[in-house]
Amino acid sequence: MSTVEERFGPYGGRYVPETLIAALDELTAAWAEAREDAAFGERLRQLHRDFIGRPTPLYPAERLSERAGRRIYLKREDLAHTGAHKINNAVGQVLLAERMGKRRIIAETGAGQHGVATATACALRGLECVVYMGTEDIRRQKPNVERMGLLGAEVVPVEAGARTLKEAVSAAIRDWVANVATTHYVIGSAVGPAPYPALVRDLQRVIGDEAREQSLAAEGALPARVIACVGGGSNSIGIFTPFLDDEVELIGVEAAGEGIDSERHGASLVKGSAGVLHGSLSSVLADSEGQILEAHSISAGLDYPGVGPEHAHLRDSGRASYFAVTDEQALDAFATLTRLEGIIPALESSHAIAWFLENAEGADGYDVLCLSGRGDKDLAEVLEKGAG
Amino acid sequence: MPYMMAGYPDRDSSLAVAEAYAESADLVELGVPFSDPLADGPTIHAAATAALKAGATLETALEICRAIADRVPVVLMVYSNMILAADGPIRQGDLDVSAHRRGDADREEGAARGIAVHELLEWSARNGWREPAAAEELLAPVRAWLGSDFFAERVREVPSRAEVPLLVEVADTVLRGSIDLLVEQPGSPPLIVDYKTDRLGDSSPAERAAHYAVQRDIYAFAVSDARGATEVEVAYVFLERPDEPVVALLDSAAIAAGRKRIEEAIERIAGEDAA
């Protein structure tokens, strides 16, 4: 049986209360077994196809290519059920929880996409679902709160700290400590204590597996670059993984918020330092005493002061490169893609588009970009800023 | 043993709280405020947030600690990220605030008693609130050890350290543990003392010690590796019969052979996992 990684270079690990170690061991063992079980794989593939709508298309964005002067394909995760890649992870983990005999599911959510995906997967399987969400995010993301309610999930408001994603994760972990025997925690990104970063990556690599095959079918050659936005880093690690051994440049794009040199950004890899947040050692935004800083981004999904540990390792080893683009650049890219291609992208994905538009010189080969989600959820934010 | 958050609701008030505790508490647990205390509940999280907002830093906590540490033992509750940010363990000078406890035998005995009482209560809670027949049973082995010839001849007059953490890497596996007592006399091989509380019944200490062969290999390898020692002595002291310690002096060949056995044991276990 293959090992589920606990560390990526020095990063990762399990910095959690002792009470969770047994549950993390159990989860590690269950995943090591499930991912090699043909019946489990078949069940997951069937749900990918019939419920999520996979494979998602690899779309040649002709007018965007023309504008940039370089050919680009979009991996259309915005067309996955519930409108983003989050559903890949949620469905996989809910099936795993059932296999482990756990019938109560908890999750955290920031913008609400992961909360909706988890509530959806729980409705599909008839499991109890509790979603922790900061009260500030509840205020900003009302439609997603209502969607979760309709799907039968209970949304628990979190009042602590800045009342956003970071505190929601802490609240979910506390619930897990108290109810670990009956409950599975579906973490929403490739973060958290081991085995979560590896588990979420394994469940998201379907994006990259499909994209690699589709690229070869369309072009007969691999792309020169694979580009994705990075918040916690699940869509990016998902699309990067199958290309790790290829001669393909891997580009991650973080949120520079109001500017990379301002104090208001979410660029944990570009500007962060080694630190522990939410159970793993990675690159985090912290002050000189180790207090975690508030992140900022116009995109709620990139508004997180940590990042998955495997990304920190890929950065250090030089296998992937990470950049950051501002709120303003992302809003411009949002408008550009919407007008040129008739696709309204999530603000998260708009960061990747923005980087591509500004780094399209060089005619060799072509690029693949992960369009991680659709932008309907962001309309209020975008219209308020007067873009679009 | 009260808990308090340093800097909550502000520096001066929390210092006053600490001063009050110093008068009557057996021990004060002092929280160092951290932005994301995920191992704690909402109350401590809220207190930490408020303390940070009021300007609390690591220095605030250390200042409060220093103010009362000459009167009461202080235990800091701190999150690892702050220690990492401090570039390794918190500076040694800062930790010396607890130095007063060395030599303060009354307080140390109090703390040891506290820990033992809590462990017995925990045992009782897990065993239908049975009363542990403990007092004599607990004290007897301690008395036996302190009255033994081995203790008088080899340990009492020699520098030693209790509960020495052990961390050693063998065959890509990190082994952790701690050594009950490490006795180090210049010019002699390090002596590792391991207390055994086994009930011996019909077997002799030597027979019983055979069950702990791998443990001895690990101890010997770890200490020789850490100290660069070519010879290491390992003593298993069965507290039922402390005058019959099972002592082995291991030379470099024996330590190397032990290491090989550890590697084989790890591979065997890894092999079982894979099967």
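Chains as they are written, first to last, in our numbering: chain W, 1 to 388; chain V, 1001 to 1275.
The beta carbon of each residue, even a glycine, is placed where N, CA and C say it ideally should be.
Between G1041 of chain V and chain W, the shortest Cβ-Cβ separation is below 9 Å.
Taking 4 residues as the minimum length, the alpha helix (DSSP H) runs contained wholly in the stretch 49-89 of chain W are 62-68, in order along the chain. Within the same chain, V4, E5 come within 6 Å of A198 of chain W by CB-CB distance, once the 5 residues on both sides are set aside. Classified as buried, E341 of chain W has 16 or more neighbouring CB atoms from the shown chains inside 10 Å of its CB. Excluding five sequence positions before and after D209 of chain W, the CB atoms of its chain that fall closer than 6 Å to its own CB belong to P242, given in chain order. Residues V1158 of the same chain have their beta carbon placed closer than 6 Å to that of Q1185 of chain V, with the five preceding and five following residues left out of the count.
Residue contact with chain W for N1127 of chain V: absent (no Cβ-Cβ distance below 9 Å to any residue of chain W). In the DSSP secondary-structure assignment, I1179 of chain V is bridged to V:V1164. In the pairwise beta carbon analysis, the stretch 83-98 of chain W is classified as not touching the stretch 1003-1019 of chain V: fewer than three pairs are separated by under 8 Å. A buried status is given to R174 of chain W, since no fewer than 16 other beta-carbon atoms sit within 10 Å of its beta-carbon. Contact between S282 of chain W and G306 of chain W holds, with the beta-carbon distance rounding to 6 Å and staying under 8 Å. For the stretch 266-303 of chain W, the full-length beta strand (DSSP E) segments reaching 3 residues or more read 273-277, 280-284 along the chain. Here the alpha carbons of Q1215 of chain V and A1254 of chain V stand approximately 14 Å from one another. Annotation: A221 of chain W to I251 of chain W spans about 18 Å, alpha carbon to alpha carbon.
Judged by their CB atoms, Y1008 of chain V and A1056 of chain V are nearer to each other than the 9 Å cut-off. Contact between the stretch 71-79 of chain W and the stretch 98-107 of chain W is absent: fewer than 3 CB-CB pairs across the two stretches fall below 8 Å. For the 9 Å CB-CB criterion, A255 of chain W and H114 of chain W do not form a contact.
With a beta-carbon spacing of about 5 Å, S1178 of chain V and P1165 of chain V fall inside the 8 Å limit used to define contacts. Annotated as proximal: V91 of chain W and L47 of chain W, with beta-carbon spacing under 9 Å. A straight-line Cα-Cα distance of about 39 Å links V1170 of chain V and R212 of chain W. In this structure, the beta-carbon distance from A168 of chain W to S372 of chain W does not fall below 9 Å.
Assignment of beta-bridge partners to D367 of chain W by DSSP yields W:I72, W:R225.
For H1045 of chain V, the nearest CB of chain W lies under 9 Å from its own CB, placing it at the interface with that chain.
At a cut-off of 9 Å between C-beta atoms, I173 of chain W counts as an interface residue with respect to chain V. Within chain W, E289 have C-beta atoms less than 7 Å from the C-beta of T1057 of chain V, given in sequence order.
In the DSSP annotation of this structure, the continuous segment of the beta strand (DSSP E) that includes A320 of chain W starts and ends at 320-326. Rounded to the nearest angstrom, the gap between the Cα atoms of F334 of chain W and D78 of chain W is 14 Å. For the options V:V1155, V:E1263, V:L1250, V:Y1195, the alpha carbon positioned closest to that of T1230 of chain V is the one of V:L1250.
For chain W, the residues of the stretch 1007-1037 of chain V that bring a beta carbon within less than 9 Å of one of its beta carbons are P1033, F1034, S1035, D1036, P1037, in chain order. In the three-state scheme derived from DSSP, where H, G and I count as helix and E and B as strand, I237 of chain W is classed as helix. Assigned with DSSP and collapsed to three states, A23 of chain W falls in helix.
Contact of A1210 of chain V with chain W is not assigned, every C-beta pair being separated by 9 Å or more. About 4 Å separates the beta carbons of R374 of chain W and G83 of chain W, which is inside the 8 Å limit, making them a contact pair. In the three-state reduction of the DSSP assignment, Y11 of chain W falls in the strand class. The alpha carbon of V16 of chain W has as its nearest neighbour, out of W:I87, W:D50, W:V276, W:G231, the alpha carbon of W:V276. For the 9 Å CB-CB criterion, S268 of chain W and V253 of chain W do not form a contact.
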